[in-house]
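To start, the structure itself, in structure tokens.
Numbering (the working numbering), first residue to last: 177 to 226.
In structure tokens form, the structure reads like this:
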């Protein structure tokens, strides 16, 4: 199997922070950020494993 560059499995996600996603400081909940990171990491890993 040939080596792959990390750029070949890059994934980008853009999301709007809506009111239900924000805490009382007006910033996004950390758990929501971690969920986004988990989703994108899974997608990137699947692309890299092809």
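Note that CB positions come from ideal geometry on N, CA and C, so glycine has one too.
All values derive from a computational prediction rather than experimental measurement.
Notebook entry, point to check: Could you give the C-beta distance for residue 213 and residue 187, rounded to a whole number, given that I count them as a contact under 8 Å?
Noted result: Under the criterion of beta carbons closer than 8 Å, residue 213 and residue 187 do not qualify as touching, at roughly 11 Å.
Notebook entry, point to check: How long is the line joining the alpha carbons of residue 205 and residue 184, rounded to whole angstroms?
Noted result: Going by C-alpha positions, residue 205 is about 30 Å away from residue 184.
Notebook entry, point to check: Nearest to residue 208 by CA position, among 196, 200, 201 and 218, is which residue?
Noted result: The residue with the shortest Cα to Cα distance from residue 208 is 196.
Check: If you draw a straight line from the alpha carbon of residue 194 to that of residue 200, how long is it in whole angstroms?
Finding: Going by the C-alpha atoms only, they are around 13 Å apart.
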